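Take the sequence shown: its letters are residues 0 to 251, numbered as in numbering that gives the first Met the number 0.
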Amino acid sequence: MRNKLIIGNWKMHGSVVENAALIEQLIQGVPSLDANTEIGVCPCAIHIPQISELLAGHDRIDIGAQNVNEHTSGAFTGEISAAMLREFPVKYVLLGHSERRTLFGETDEMIAAKFVAVANEQMTPVLCIGESLQQREQNKTESVLLSQLESVLKVTGKESFSKAVIAYEPIWAIGTGKTATPEQAQAVHQVLRHWLATHLGEVSQRMQILYGGSVKPDNAKTLFSQNDIDGGLIGGASLNAEAFLGICEAAQ
Ligand code: PGA
């Protein structure tokens, strides 16, 4: 039995004042949730120290980072290493989000290198994969997703890969209000689980595969009740405590 996992991706939103209010509301709401529901929030990197302090002593909400640099240190102006994240209680690191791939030119090779950097610091990579609308319409969904997974697996090896969380986020559903139907999402998740089973064996049954893309409190329950959907990566709705807690509740 896999625990459900709900991760909020705050993207480039929030401020010191707004974060304090949001975290306070989450801390109040979380105790009423099932203890098996795992919860994470990914603030902007500059806010990680603040969120770490706000969450000190509250072990129900984990912290994630939205990005990391693949190098350990050096002349990389503006970048943040995995070891720097690890100085704070950071558990998850999002990798390969479609916004990073499309807006910042991240390649599969870079994402694989970042995965290794995160794993070396004992954090959990949340590997995001997804197809564009055009790729879906051309029936390329499966080949696109599997090649995104393969390019990372061949660099990291099985052992490291099996400790990751996978997040399937169809690009056409991110921030658009268009969600994949539960059946569409489950069909993809089943393909992913099968691929994981083929390459990694038994451990694939324990790996969490999240769905992301316009998840809201009113569509979360049917999505999360699908066999191979183990929770969600939540963008817009994670900025509102009531909506985010509603989604966490739907995971129970
Ligand atoms: P959304 O974003 O929930 O706003 O669609 C999801 C994501 O980008 O992870």
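Backbone N, C-alpha and C define an ideal beta-carbon position, used for all residues, glycine too. Nothing here was measured: the structure is a model prediction, and the numbers come from that model.
Span of the alpha helix (DSSP H) around residue i
| i | result |
| --- | --- |
| A82 | A81 to R85 |
| T123 | Careful: T123 lies outside any alpha helix (DSSP H), inside the beta strand (DSSP E) at T123 to I128. |
| E108 | D107 to N119 |
| N18 | V15 to G28 |
Residue nearest to residue i in terms of C-alpha spacing, selected from the options
| i | options | result |
| --- | --- | --- |
| E78 | K113, W9, R1 and D61 | K113 |
| I60 | I50, N226 and E136 | I50 |
| V187 | D227, N66 and A81 | D227 |
| A184 | R135, A163 and S146 | R135 |
| P169 | S159, C127, G156 and A163 | C127 |
| S14 | L25, P42 and I38 | P42 |
| I47 | A74, N8 and S31 | N8 |
Check: residue i C-beta below 7 Å from any heavy atom of ligand 1
| i | result |
| --- | --- |
| N18 | no |
| N239 | no |
| E190 | According to the sequence shown, residue 190 is Val rather than Glu. Checking every heavy atom of ligand 1 against the Cβ of V190, none is found closer than 7 Å. |
| V40 | no |
| N8 | yes |
| E168 | yes |
| L232 | yes |
| G211 | yes |
| A236 | yes |
| V214 | yes |
| I228 | no |
| I79 | no |
| A249 | no |
| H46 | no |
| I165 | no |
| I110 | no |
| A242 | no |
| H57 | no |
Residue i and residue j closer than 8 Å at C-beta
| i | j | result |
| --- | --- | --- |
| I5 | G231 | yes |
| G234 | G176 | no |
| S150 | L199 | no |
| A252 | L209 | Given a span of 0 to 251 for the chain in the structure shown, any question on residue 252 remains unanswerable. |
| M122 | V164 | no |
| P124 | V154 | no |
| A219 | T36 | no |
| H57 | I26 | yes |
Run of the beta strand (DSSP E) containing residue i, from where it starts to where it stops
| i | result |
| --- | --- |
| A64 | I60 to A64 |
| G39 | E37 to C41 |
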